[in-house]
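Student: Below are the structure tokens for one structure; questions will follow.
2 protein chains.
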Amino acid sequence: MAEDKFYDQVYSLKDQIRFGGKFSINPKEVKAIAISGMGGSGVSGRIFSEAFQDIPVITIDSYKLPKFVTRDYFFVAVSYSGNTEETLSVAKEAKSRGIKINAITSGGELSKICDNLVKIPSGLQPREAIGYLLMPLLNTFIGVNEEERTNIISILEALEKERSPIWQLAQKIVDSRKIPYILSWEPFSSLSYRFKTQFNENSKLFALNHTLSEQNHNELVPQLMNNSMADKFIFLAIEGDQDSRSRRRLEIMESKSASEIIKIRPKGESYLEKLFYILHYIDFLTVEVSLRLSYDPEDVKVLENLKAELSKIK
Amino acid sequence: MAEDKFYDQVYSLKDQIRFGGKFSINPKEVKAIAISGMGGSGVSGRIFSEAFQDIPVITIDSYKLPKFVTRDYFFVAVSYSGNTEETLSVAKEAKSRGIKINAITSGGELSKICDNLVKIPSGLQPREAIGYLLMPLLNTFIGVNEEERTNIISILEALEKERSPIWQLAQKIVDSRKIPYILSWEPFSSLSYRFKTQFNENSKLFALNHTLSEQNHNELVPQLMNNSMADKFIFLAIEGDQDSRSRRRLEIMESKSASEIIKIRPKGESYLEKLFYILHYIDFLTVEVSLRLSYDPEDVKVLENLKAELSKIK
């Protein structure tokens, strides 16, 4: 069954961590990075830009390369298939400006037009390949040693063995018939968006995501002042830095809100251990919700159909 | 009545356009810009970073100044009150790195610690002051001449005279009892977020926003595959570039979706005319929805209460 195949691949994140691909450059010579990518491919750039702040990391999720991106930039095009039209459009614009194209892809047109290729295994959905899509950036610019990989894999194996809390939360979400609303804060601000998109694609649920403290400047208003609308949402929070002001904000919110806020606390010591713990957790939860709603988590034919119709219009 | 006062101030956007404040620098000498700001103040940086792509414009909506921001950056702190704790935290970090603080504020601590001040009129809510918060950036880096100001004001006056379509849409949103879902695309991608936050603060409604084409890589799945959930949303689209692939995408989405997508097309010729048309439209619509739901559009006491509680914890 498709479901089984997909579920098997969720487990493959451990293998993906071992992926050693990286760009053959001296990272110390890079002054700024621009990463182009959409959807399940683009999310690797979003996560990386939060993880690595030594130099500017610009992310692009549209057809256009910003005017200011020049040959000084290390330009990376991330497209799992290698045929994403937005990413190809940006990459071709880069080429026309004399910027070298570094690519993370399993093949497609991108693998042919790029100057420097990190080839990743094919046969997955982009969103199942987050490890493959992210590791080349981490390997090149942050450096992940063998001990860290081993530690990350241990954390993921432990998570796989204690899945009953995830099953319970999945059932709670299904029973609630509510819309997931996900909060996150530094250093995991980018993960509430990943969580939302996995609910979208795996579970076929709309989801709302926001970051702290920005949420306290706008969406806190309906959360506390419009109880009948707040009642349409089930609130989840990915716990970031425990010593931050955002953590204090969450505590005050909990004391004022009529709705429970379900907290997901990453396990592990290092940043990368926690990062991959949450990514794996999100995958298990959203696939489990999908199965309990009798959806095929792998099925995103509607996205492919739209791409097919679009390809007829030039 | 508070409502009348607030509604009067929505009309003040025309006067705000006339605000001549700008930074006393040579913009051609600036190599990169970093703008710190939260909520209704921070939105000016989000809009500006899409409007001006000649040089990198980094926006910061958290407590931390990214490591890569150095003295080479033109750093701007935007806080209407001048007392936003996140923005002050970032500004102080900038100061400690020897970076000059340029401020757009009506007063507060920020006006005291900054090196270069553009002082804007006080007495408004930050979200009522979008013109004052945005014009100094546009005046300094893009340059808005008197003729353009006059044209923008004419467009806004015409919009004010033809408000009955806005009233009808406001009533439709109220009657629907649904959650607004807002799409936008280039060059107005940043405005779906502004729309969402104005629904939050003025109308006390949750709202979901996304940009095209990124939405087609994830949230299109529940929109087309989960009709019972899609039925909880009322879909709105701010029309951007009519010749773009994103426009084609919207057309295909409309042909496939069971839900109507209500399109808001900006009037005017130039980018700035269209930008301010949409900003004014958003204000009128979200305030009108608020009044029809019997909320006070100005009331965001819950945000102020949270700030007060937070200020007790150091």
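Quick mapping for you: the protein sequence lines, in order, are chains A and B. By the working numbering, the letter at position 96 of the first sequence is numbered 96, and the numbering carries on one by one without gaps. Each number in the working numbering corresponds to the 1-based position in the second sequence with 1000 added. For glycine and all other residues, C-beta sits at the position ideal for the given N, C-alpha and C. Since we're looking at a predicted model, the values are computed, not measured.
(1) Just checking: is the beta-carbon of B:Ser1290 within a distance shorter than 8 Å of some beta-carbon in chain A?
(2) Could you pull out every residue in the same chain whose Cβ sits closer than 8 Å to the Cβ of A:Leu169, ignoring the five residues on either side in sequence?
(3) Against chain B, with Cβ distances strictly below 8 Å, would A:Leu220 count as a contact?
(4) Under 8 Å, CB to CB, which of the residues in the region 1039-1063 of chain B have a partner in chain A?
(5) Going by the beta-carbon positions, is the gap between B:Phe1276 and B:Ile1155 smaller than 8 Å?
(6) Could you tell me whether the region 1178-1195 of chain B touches the region 1106-1124 of chain B, using the rule of 3 or more Cβ pairs below 8 Å?
(7) Between which two residues does the alpha helix (DSSP H) containing B:Val1289 stretch?
(8) Identify each residue in the region 212-238 of chain A for which the Cβ-Cβ distance to at least one residue of chain B is less than 8 Å, and report them in chain order.
(9) Hey, is A:Tyr281 close to the ligand MN, as in C-beta under 7 Å from one of its heavy atoms?
(10) Give the straight-line distance between the Cα atoms of A:Thr87 and B:Asp1054, rounded to the nearest whole angstrom.
(11) In its own chain, which residues sit with a C-beta less than 8 Å from the C-beta of B:Val1300, not counting the 5 before and 5 after it?
(12) So the candidates are A:Gln16, A:Asp241 and A:Ser259; which of them puts its Cα closest to the Cα of A:Leu220?
(13) DSSP on B:Leu1065, reduced to helix/strand/coil?
(14) Run through chain A and tell me which residues come within less than 8 Å of B:Glu1309, C-beta to C-beta.
(15) Comparing C-alpha positions only, which one of A:Glu251, A:His280, A:Ser244 and A:Leu306 sits nearest to B:Met1225?
(16) Tell me whether the region 61-70 of chain A and the region 191-208 of chain A touch, counting them as touching only if at least three CB pairs, one residue from each stretch, are closer than 8 Å.
(17) In this structure, does DSSP put A:Pro180 in helix, strand or coil?
(18) Which two residues bound the contiguous beta strand (DSSP E) that contains A:Phe235?
(19) 8 Å is my cut-off, CB to CB: does B:Arg1097 come that close to chain A?
(20) To the nearest angstrom, how far is the alpha carbon of B:Lys1092 from that of B:Val1078?
(21) Who are the Cβ neighbours of B:Arg1149 in its own chain at under 7 Å, not counting the five residues just before and after it?
(22) For a contact defined as C-beta to C-beta under 9 Å, what are the partners of A:Ile33 on chain B?
(23) Buried or exposed: which applies to B:Trp1185, given that a residue is buried once 16 or more other Cβ atoms fall within 10 Å of its Cβ?
(24) Pick helix, strand or coil for B:Thr1084, following the three-state DSSP scheme.
(25) Name the chain A residues that come within less than 8 Å of B:Leu1205, Cβ to Cβ?
(26) Exposed or buried, A:Met1, counting other C-beta atoms within 10 Å across all chains shown (16 or more means buried)?
(27) Return the chain-ordered list of same chain residues with a C-beta closer than 7 Å to the C-beta of B:Ser1311, the five sequence neighbours on each side being excluded.
(28) Distance, Cα to Cα, A:Lys5 vs B:Ser1294?
(29) For the region 126-147 of chain A, which residues have a beta carbon sitting closer than 9 Å to at least one beta carbon of chain B?
(30) Would you mind reading off the limits of the alpha helix (DSSP H) that contains A:Ser41?
(31) Express the C-alpha separation of A:Ile282 and B:Lys1267 in angstroms, rounding to a whole number.
(32) By the DSSP assignment, the alpha helix (DSSP H) with A:Lys328 in it spans what residues?
(33) Measuring alpha carbon to alpha carbon, tell me which residue in B:Gly1037, B:Pro1165 and B:Gly1131 is nearest B:Pro1121.
(34) Can the beta-carbon of B:Ile1142 be found closer than 8 Å to that of B:Phe1023?
(35) What did DSSP end up calling A:Ile313 once you bin it into helix, strand or coil?
(36) Less than 6 Å between C-beta atoms, sequence neighbours within five positions excluded: which residues of the same chain meet that for A:Lys274?
Tutor: To lay it out plainly:
(1) Numbered from its first residue, the second sequence carries residue 1290 of chain B at position 290. It does not: the Cβ of B:Ser1290 has no partner Cβ on chain A nearer than 8 Å.
(2) If you number the first sequence from 1, residue 169 of chain A lands on position 169. Cβ within range, chain order: Ile262 and Leu285.
(3) Taking the first residue of the first sequence as 1, we reach residue 220 of chain A at position 220. Output row for A:Leu220: interface = yes.
(4) Gly1039, Gly1040, Gly1042, Gln1053, Asp1054, Ile1055, Pro1056, Ile1058, Asp1061, Ser1062 and Tyr1063
(5) The sequence position of residue 1276 of chain B within the second sequence is 276, counting from 1. The sequence position of residue 1155 of chain B within the second sequence is 155, counting from 1. The answer is yes: Cβ separation under 8 Å.
(6) no
(7) The residue labelled residue 1289 of chain B in the question sits at position 289 within the second sequence. Element bounds for B:Val1289: Tyr1271 to Arg1292.
(8) Ser213, Glu214, Asn216, His217, Asn218, Glu219, Leu220, Val221, Pro222, Gln223, Leu224, Met225, Asn226, Met229, Ala230, Lys232 and Phe233
(9) No copy of the ligand MN occurs in the structure displayed, which carries no ligand at all.
(10) Numbered from its first residue, the first sequence carries residue 87 of chain A at position 87. Numbered from its first residue, the second sequence carries residue 1054 of chain B at position 54. Roughly 21 Å between the two C-alpha positions.
(11) By one-based count along the second sequence, residue 1300 of chain B stands at place 300. Gln1125 and Glu1201, listed in sequence order.
(12) Looking up residue 220 of chain A in the first sequence gives position 220. Measuring from the Cα of A:Leu220, the nearest candidate turns out to be A:Ser259.
(13) By 1-based counting over the second sequence, the position of residue 1065 of chain B is 65. Coil.
(14) The residue you call residue 1309 of chain B lines up with position 309 of the second sequence. The answer, in chain order, is Ile252.
(15) By one-based count along the second sequence, residue 1225 of chain B stands at place 225. It is A:Leu306.
(16) no
(17) Against the first sequence, residue 180 of chain A aligns to sequence position 180. Looking at A:Pro180 - three-state DSSP - the assignment turns out to be strand.
(18) Here residue 235 of chain A refers to the residue found at position 235 of the first sequence. Phe233 to Ile238 is the extent of the beta strand (DSSP E) around A:Phe235.
(19) Sequence index remark: in the second sequence, residue 1097 of chain B carries index 97 (1-based). Output row for B:Arg1097: interface = no.
(20) Start at 1 with the first residue of the second sequence, and residue 1092 of chain B comes out as number 92. Start at 1 with the first residue of the second sequence, and residue 1078 of chain B comes out as number 78. Roughly 13 Å between the two C-alpha positions.
(21) Start at 1 with the first residue of the second sequence, and residue 1149 of chain B comes out as number 149. Ile1017 and Arg1018.
(22) The sequence position of residue 33 of chain A within the first sequence is 33, counting from 1. None at all; the shortest Cβ gap to chain B is about 10 Å.
(23) Working through the second sequence from its first residue, we reach residue 1185 of chain B at position 185. B:Trp1185 comes out buried.
(24) Residue 1084 of chain B sits at position 84 when you count from the first residue of the second sequence. DSSP places B:Thr1084 in coil when its eight states are reduced to three.
(25) Translated into positions along the second sequence, residue 1205 of chain B becomes position 205. Result: Pro222, Asn226 and Met229.
(26) Position 1 of the first sequence, counted from the first residue, corresponds to residue 1 of chain A. Only weak support exists for where A:Met1 lies, its pLDDT of 42 falling under 50; the coordinates are left without a value.
(27) In the second sequence, counting from the first residue as 1, residue 1311 of chain B sits at position 311. Closer than 7 Å at Cβ, skipping near neighbours: no residue.
(28) As a working mapping, residue 5 of chain A is identified with position 5 in the first sequence. As a working mapping, residue 1294 of chain B is identified with position 294 in the second sequence. Looking at the two C-alpha atoms, the distance is approximately 52 Å.
(29) Pro126 and Arg127
(30) For the purposes of this step, residue 41 of chain A is identified with residue 41 of the first sequence, where counting begins at 1. Start and end: Gly39 to Ala51.
(31) For the purposes of this step, residue 1267 of chain B is taken as the residue at position 267 of the second sequence. For the purposes of this step, residue 282 of chain A is taken as the residue at position 282 of the first sequence. Roughly 43 Å separates the two Cα atoms.
(32) In the structure displayed, chain A extends from 1 to 314; residue 328 of chain A sits before or after that span and is not available.
(33) Residue numbering aside, residue 1121 of chain B sits at position 121 when the second sequence is read from its first letter. Among B:Gly1037, B:Pro1165 and B:Gly1131, the Cα nearest to that of B:Pro1121 belongs to B:Gly1131.
(34) Along the second sequence, read from residue 1 onward, the residue named residue 1142 of chain B stands at position 142. Along the second sequence, read from residue 1 onward, the residue named residue 1023 of chain B stands at position 23. No, the pair does not count as a contact, with Cβ atoms beyond the cut-off.
(35) As a working note, residue 313 of chain A is residue 313 in the first sequence. Three-state DSSP puts A:Ile313 in coil, outside helix and strand.
(36) As a first step, residue 274 of chain A is located in the first sequence; it is residue number 274 there, counting from the start. Pro266 and Gly268.
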